[in-house]
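**Q** The structure that follows is given in the form of structure tokens.
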Amino acid sequence: MIVKRIDSGLLENLVKQILTRAGVSKNESAIIAESLVHAELSGCPSHGISKLSDYLKRLDENLIEKTTTITTVRDTFTTAVLDANNGWGQVASQRAVDLAIEKARNYGSAWISVRNSNHNGRCGYWASKIANAGMVGIAMTNTSPVMVAYGSSESTLGTNPIAISVPSSSGNPISLDMSTSHQARGKITLAHKKGESIPKGWAVDAQGLPTTDPSDALAGSLLPMGGHKGSGLAIMIDILSGVMSGALFGSHIPRFYDDALPQQIGHLFVAMDISTMMPLDEFTDRISQKEKETRNSKPAPGREQVYMPGDLEQKKYMENRKAGVPIPEEILLELKHLAAKNQVAHLYKELIN
């Protein structure tokens with residue numbers, strides 16, 4: 110597999126210009142592009158540039174609105190329900206995160222639900238935005254049913270990711286970001302695009318048999334992490350982000366890649382102002398102690414280092430910011446096609462030179 114290092118600033122500009130030429134506003138294009146490139150920088154390509162062609166395909170098929178019109182369904186001092194009206198998930202999420210921070214700053218905590226939305230990228234990206242405001246940030250979303258519930262033979266659950274982020278004295282949030290499947294479906298899709306196999310235990314084929322072929326896995330089902338534990342967590346995230354928001358949930362959600370219908374998924378964002386519990390400086394000092402104890406603990410045999418949640422993503426972010434984002438040739442070819450189709454081929458040439 111050939112991989113080329115790409116300047117993240119040039120990459121973000123290209124993605125933004127492709128979206129703008131496709132009819133998305135400059136402001137919304139910038140929000141989406143930043144989300145996708147941040148995923149690449151953080152070493153999470155399954156939520157990065159590989160999603161762009163899928164987004165534009167759904168846009169061409171009128172499965173996503175070009176302009177996101179957000180309406181408020183319910184609003185209290187500490188809660189709100191927003192309707193994305195089939196707009197961009199990233200744009201609706203940015204509005205929800207801003208509102209959660211504002212309400213939490215005024216009233217201590219906030220729960221903001223979003224309904225009738227679309228794929229919104231990495232949950233950790235949004236939770237960390239809340240943490241950067243000096244708060245505990247929680248973000249979760251339901252997704253289309255591609256995973257079996259524990260003991261089931263059919264896909265009734267999404268991979269339903271969740272992220273929890275808290276501020277630290279270093280300025281880089283401690284951030285847990287995980288799907289409830291053994292691996293994110295996006296990683297299998299990326300393996301399929303690269304022509305690579307996947308490890309055993311990630312998925313089963315349409316007959317329910319274990320497979321290492323990403324094509325068979327995409328036609329089959331993902332497996333929950335930790336058996337009944339991951340399954341139970343996925344169900345609760347579906348309830349909190351889907352059922353409670355008024356969005357679609359479970360097997361009612363159309364599949365992202367297969368069904369010619371809007372997804373109408375739901376998100377939930379929670380913000381809690383740490384200063385209502387203790388001074389923020391005291392909290393980050395205690396976090397520093399926790400970080401030191403964890404990272405300095407004795408590694409298990411075969412391990413060189415013990416990490417805090419988000420350490421590896423932050424390390425990748427710093428490396429890729431300096432050296433460039435590693436983009437596989439297959440994804441670069443997709444970008445080249447999209448750039449030509451949307452009359453910005455000159456920006457692609459600038460990107461790879």
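Numbering-wise (the working numbering), the sequence shown opens with residue 110 and increments by one.
Ideal Cβ placement from N, Cα and C applies to all residues, glycine included.
Values in this document were obtained by computation on a predicted structure and should not be read as measured data.
1) With three or more C-beta pairs closer than 8 Å as the rule, is the segment 191 to 202 touching the segment 401 to 418?
2) What's the gap between the Cα of isoleucine 461 and the Cα of leucine 444?
3) For isoleucine 271 and lysine 450, what's the separation of their Cα atoms in angstroms?
4) Count the other CB atoms, across all protein chains shown, that sit within 10 Å of the CB of proline 308; report buried if there are 16 or more and exposed otherwise.
5) Is there contact here, the segment 257 to 270 with the segment 389 to 397, by at least three beta-carbon pairs under 8 Å?
6) Round the Cβ separation of glutamine 373 and leucine 357 to the nearest angstrom and send it over; I've been treating them as touching at under 8 Å.
7) Between which two residues does the beta strand (DSSP E) containing alanine 219 stretch?
8) Are the beta-carbon atoms belonging to arginine 294 and valine 255 less than 9 Å from one another?
9) Out of curiosity, what's the CA-to-CA distance linking asparagine 269 and leucine 327?
10) Please tell me whether methionine 381 and valine 245 are closer than 9 Å, where the distance is taken between their beta carbons.
11) Give me the residue from Thr176, Cys153, Ser162 and Val112 with the minimum Cα distance to serine 138.
12) Answer with buried or exposed for aspartate 368, where buried requires no fewer than 16 other C-beta atoms within 10 angstroms of its C-beta.
13) Using alpha carbons as the reference points, say which of Gly304, Lys303, Gly329 and Lys302 lies closest to tryptophan 311.
14) So what's proline 154 in DSSP terms, helix, strand or just coil?
15) Between Gly304, Ser354, Lys425 and Ala142, which lies nearest to asparagine 229 when the distance is taken from Cα to Cα?
16) May I ask you to list the residues that DSSP assigns as paired with aspartate 184?
17) Of the choices Cys153, Ile239 and Asn195, whose alpha-carbon is the least far from that of arginine 167?
18) Once you ignore the five residues that flank aspartate 281 on each side, which residues in its own chain have a CB closer than 6 Å to its CB?
19) Closest by CA to alanine 242, which one among Leu389, Asn227, Glu170 and Asp184?
20) Can you check whether the CB of valine 379 is closer than 9 Å to the CB of isoleucine 221?
21) List the whole-angstrom C-beta distance separating histidine 291 from proline 333, where the pair is believed to meet the contact cut-off of C-beta under 8 Å.
22) Only counting the same chain, and skipping five residues up and downstream in sequence, which positions put a Cβ closer than 7 Å to that of serine 253?
23) Quick one: what does DSSP say methionine 244 is sitting in, helix, strand or coil?
24) Write down every uninterrupted run of the alpha helix (DSSP H) in the segment 414 to 458 whose length is 4 residues or greater and which is fully enclosed by it, in chain order.
25) Checking the sheet assignment: what are the DSSP bridge partners for serine 290?
26) Going along the chain, which residues of its own chain have a beta-carbon closer than 6 Å to the beta-carbon of serine 340, five neighbours each way excluded?
27) By the three-class DSSP mapping on this structure, what secondary structure does arginine 364 have?
28) Going by other Cβ atoms of all chains shown within 10 Å of its Cβ, with 16 needed for buried, is asparagine 171 buried or exposed?
**A** In this structure, then:
1) Not touching, per the Cβ criterion.
2) The straight-line gap from Cα to Cα measures roughly 11 Å.
3) Whole-angstrom Cα-Cα distance: 35 Å.
4) Exposed.
5) As far as the Cβ criterion goes, the segment 257 to 270 does not touch the segment 389 to 397, which means the pair count is below three.
6) About 4 Å separates the two Cβ atoms, so the contact holds.
7) Judged by DSSP secondary structure, alanine 219 falls within the beta strand (DSSP E) whose first and last residues are 218 to 226.
8) With respect to the 9 Å criterion, arginine 294 and valine 255 are classified as neighbours on the basis of their beta carbons.
9) Within the model, the alpha-carbon separation for asparagine 269 versus leucine 327 is close to 17 Å.
10) Between methionine 381 and valine 245, the C-beta spacing is below 9 Å.
11) If we check each option's Cα against that of serine 138, Thr176 comes out closest.
12) When all chains shown are included, aspartate 368 counts as exposed.
13) Selected option, being the one with the closest Cα: Gly329.
14) The answer is helix: DSSP assigns proline 154 an H, G or I state.
15) It is Ala142.
16) According to DSSP, which records beta bridges pairwise, aspartate 184 is partnered with Ala189.
17) Out of Cys153, Ile239 and Asn195, Asn195 has the C-alpha closest to the C-alpha of arginine 167.
18) Per the sequence shown, the amino acid found at residue 281 is asparagine instead of aspartate. Contacts found: Gln423.
19) Of the listed residues, the one whose Cα sits closest to alanine 242 is Leu389.
20) In contact: isoleucine 221 and valine 379 (Cβ atoms closer than 9 Å).
21) About 7 Å separates the beta carbons of histidine 291 and proline 333, which is inside the 8 Å limit, making them a contact pair.
22) Non-local beta-carbon contacts of serine 253 in its own chain, meaning distances under 7 Å to residues more than five positions away in sequence, involve Gly267, Ile362, Pro363, Arg364, Phe365 and Gln372 in chain order.
23) Methionine 244 falls in the strand class under three-state DSSP.
24) If we require 4 residues or more, the alpha helix (DSSP H) runs fully inside the segment 414 to 458 come out as 420 to 432 and 438 to 450.
25) Serine 290 is bridged by DSSP to Pro333.
26) Result list for serine 340: Ala258, Tyr259 and Pro333, in chain order.
27) Look at arginine 364 here: in three-state DSSP terms it is coil, with no helix or strand label.
28) Within 10 angstroms of the beta-carbon of asparagine 171 lie fewer than 16 other beta-carbons, which makes it exposed.
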